[in-house]
DNA sequence: TAGATTTTGTAATAAATTTACATGGCTGGG
DNA sequence: CCCAGCCATGTAAATTTATTACAAAATCTA
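Residue numbers (the numbering used here), protein chains in the order written: chain A, 2 to 289; chain B, 2 to 289.
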């Protein structure tokens, strides 16, 4: 399913190792400036890549195109949908306008990257785990604490037994008194925050399920029963985790929606009740 | 900036009245199935429109293309970036895989929509306002409270005098004791939450600046000195504000980055100090 | 190293696009 | 109302672009 409108550039980049010498030349010529590739003729691209024209043509056909023009079209599509797989880092001399557009662009491209990379059944598994949980704790610290808080807010509406804690002592206490049936959902960009790793280990030792939304290969990732790995190539040292946080939130959106869908229509009534209870606090809408 | 690659289809539709007989034929052939147009050759399109090939070519040149292929490319661009807005809503019978990909897609397309619609200088103005503020309060309720919390966290790192409150009484007290030089940054998806509107009015009456990140035309929007209007066509009644929240966060990222850039390089030292202070709480990275 | 296989390039062919030019229809002045 | 001039449109030729068929080179296998 993901492969249908998959990111062509990513596809090419991923296929690189398995390509022959001159195919690699073509690939890197395209990756170097995809925008230009969509505008050039096959002759121009061939000369840029220093290969013959049929080689370029064959290359295109390898990537499910009927020929070169079709390939260019596909390329144009994936470019237009905001996908710059190389993140555009903000630089100190950028104007505010530039940095703003860079931030939007890199957020967008990161999201589409994650969308394509996320194992489709993983979300399903996590949803299953959440639905049958006796109790769900969302933990996060620092930048991830507002993500965890958001998660609590969202899942609370679903009438799931959720709680959110950003206090380390509370987290520890809850982990210490964990039992099978409890789910600890731990959110961390780096996956290296000691406190959280220890809490995860403690919870796990007590038989609770630990779900991690964090970086692959991190200490926290190793502890989790279920891991939603989000690898965001971020310029962490320059600025702070930004896109990773967004990705985490969207993943949680997906999970929450998954839970609702699983609960079926009988459950919509509950949501409606909550909505109605909020209505009283609002100015009436002037729309129909 | 937005008008540069503005929607080509709209452009064509608008130009219709001023076109000649056979140009109209071409236009309607394209508008009837733009997707097909990007895939057809000039000969095919000409026969569909019942005109000759040069007519099609001339038509393309009228719309700032160098020729037919270039025109197709432009068309493909505007299709890919525009077509997704509609019909990505999650439906009750969707599988979890489908809903997940829909959520990612609609988040992505909403972000690119906002990116194109956001007035470039607005961010600059807000950044100016924030930099010179004596004190900044981030307010949000419900789903927006975690957005506000996130904002506080981010701006705090910049050593700006920020605070965050989700408690209505605290908000009211702060607004009541507001003074010129204070900035109230109020975040609300609907812009209809009474409490927040009242707080905004109170703060404004006391001479504070009110910045709103909310829906255009809403009661809250009318109170603000500076308004960052985010109109997200959301199926609020089915599920909850999801994409709007993400957009809000990305806007705040842009603002935060804008502030850092304005502060200049001397300020990087401060950021580094904060980063170092966090390092002690982390497992060492195994990377270089 | 010989033979087979794969990769790459050359040259011819086919397709698509553009240009140059001719025709037809319309408009406005006589 | 008719003819000159102009604009819109089409025809056909030229040019560019893409594809195919085939041959040469490189790589691999035995």
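Ideal Cβ placement from N, Cα and C applies to all residues, glycine included.
Can you tell me the Cβ-Cβ gap for residue 79 (chain B) and residue 9 (chain B), rounded? I've got them flagged as a contact below 8 Å. Contact flag correct, Cβ pair sits at about 4 Å.
Cβ neighbour criterion (16 or more within 10 Å) applied to residue 182 (chain B): Result: exposed.
Could you tell me whether any Cβ in chain B is nearer than 9 Å to the Cβ of residue 109 (chain A)? Output row for residue 109 (chain A): interface = yes.
Rounded C-alpha distance that separates residue 158 (chain B) from residue 21 (chain A): Rounded to the nearest angstrom, the two C-alpha atoms are 49 Å apart.
By a C-beta neighbour count over all protein chains shown, 10 Å radius and 16 as the cutoff for buried, is residue 244 (chain A) buried or exposed? Residue 244 (chain A) is buried by the Cβ-count criterion.
Decide if residue 120 (chain B) is buried, meaning its Cβ has at least 16 other Cβ atoms within 10 Å, or exposed. Exposed is the call here.
Determine, using beta carbons only, whether residue 98 (chain A) comes closer than 9 Å to chain B. So, interface residue.
Taking Cβ positions, are residue 101 (chain A) and residue 247 (chain A) nearer each other than 9 Å? A distance of 9 Å or more separates the beta carbons of residue 101 (chain A) and residue 247 (chain A).
Along the alpha helix (DSSP H) that carries residue 15 (chain B), what are the first and last residues, could you check? Element bounds for residue 15 (chain B): 9-16.
Does the separation of the CB atoms of residue 39 (chain B) and residue 76 (chain B) fall below 9 Å? Contact flag set, yes.
Could you name the residues that DSSP lists as bridge partners for residue 164 (chain A)? Beta bridge pairing from DSSP links residue 164 (chain A) with A:138.
For a contact meaning CB atoms closer than 8 Å, what does residue 113 (chain A) contact in chain B? Those within 8 Å of residue 113 (chain A) in chain B are 105 and 109.
Could you tell me which residues DSSP puts in a beta bridge with residue 215 (chain B)? Paired residue(s): B:230.
Is residue 185 (chain B) helix, strand or coil when you go by DSSP? Residue 185 (chain B) falls in the strand class under three-state DSSP.
Leaving out five residues before and five after residue 255 (chain B) in sequence, what residues of the same chain have Cβ atoms less than 8 Å from its Cβ? The answer, listed in chain order, is 124.
Verify whether the separation of the beta carbon atoms of residue 206 (chain B) and residue 232 (chain B) is less than 9 Å. Residue 232 (chain B) is positioned such that its CB atom lies no closer than 9 Å to that of residue 206 (chain B).
What residues from the stretch 15-47 of chain A come within 9 Å of chain B, judged by C-beta to C-beta, listed N to C? Cβ contacts with chain B come from 39, 40 and 42.
What number of angstroms, rounded off, separates the C-alpha of residue 208 (chain A) from the C-alpha of residue 253 (chain B)? Cα to Cα, residue 208 (chain A) sits roughly 40 Å from residue 253 (chain B).
Taking DSSP as the reference, what is the three-state secondary structure of residue 209 (chain B)? If DSSP states are grouped into helix, strand and coil, residue 209 (chain B) belongs with coil.
Please list the residues of the stretch 209-227 of chain A that have a C-beta atom closer than 7 Å to any C-beta atom in chain B, keeping them in chain order. Answer in chain order: 220.
How would you label residue 122 (chain A), buried or exposed, when you count the other beta carbons within 10 angstroms and need 16 or more for buried? By the neighbour-count rule (16 or more Cβ atoms within 10 Å), residue 122 (chain A) is not buried but exposed.
Residue 144 (chain A) to residue 151 (chain B) span [Cα, whole Å]: Spanning the two alpha carbons is a distance of roughly 7 Å.
Does the beta-carbon distance from residue 203 (chain B) to residue 179 (chain B) come in below 9 Å? Between residue 203 (chain B) and residue 179 (chain B), the C-beta gap is smaller than 9 Å, which places the two residues in contact.
Suppose you measure from the CA of residue 66 (chain A) to the CA of residue 52 (chain A); what does that come to, to the nearest Å? Whole-angstrom Cα-Cα distance: 19 Å.
Is residue 170 (chain A) near residue 189 (chain A), with beta carbons less than 9 Å apart? Taking C-beta atoms as the reference points, residue 170 (chain A) and residue 189 (chain A) fail to come closer than 9 Å.
Pick out the complete alpha helix (DSSP H) segments inside the stretch 32-83 of chain B, 4 residues or longer, and give them in chain order. Unbroken alpha helix (DSSP H) stretches of 4 residues or longer found wholly inside the stretch 32-83 of chain B: 35-40, 43-50, 54-63 and 69-83, given in chain order.
What does a CB cutoff of less than 7 Å around residue 137 (chain A) pick up in its chain, not counting 5 residues either side in sequence? Beyond the five residues adjoining it in sequence on each side, residue 137 (chain A) comes within less than 7 Å, by CB distance, of 131, 156, 161, 162, 163, 184 and 186 in the same chain, given in chain order.
Taking the straight line between their C-alpha atoms, what separation do you get for residue 219 (chain A) and residue 30 (chain B)? If I take the Cα positions, the gap works out to 55 Å.
Run through DSSP, which three-state label would residue 261 (chain A) get? Note: residue 261 (chain A) maps to helix in three-state DSSP.
Quick one: Cα of residue 17 (chain A) to Cα of residue 139 (chain A), how far? Approximately 40 Å between the Cα atoms of the pair.
With distance defined between alpha-carbon atoms, name the residue in A:72, A:177, A:173 and A:107 nearest to residue 196 (chain A). Minimum Cα distance to residue 196 (chain A) is reached at A:173.
Rounded separation between residue 129 (chain A) and residue 261 (chain A) - CA only: Roughly 11 Å separates the two Cα atoms.
Per DSSP, cross-strand counterpart(s) of residue 191 (chain A): Residue pairing of residue 191 (chain A) in beta bridges, as defined by DSSP: absent, with no partner found.
For residue 259 (chain A), go through chain B and note every residue whose CB falls closer than 8 Å to its CB, in chain order. Under the 8 Å cutoff, chain B gives 97, 100 and 101.
DSSP on residue 256 (chain A), reduced to helix/strand/coil? Note: residue 256 (chain A) maps to helix in three-state DSSP.
Less than 7 Å between C-beta atoms, sequence neighbours within five positions excluded: which residues of the same chain meet that for residue 287 (chain B)? Annotation note: pLDDT 49 at residue 287 (chain B) (below 50); position unreliable, coordinate value reported separately. None.
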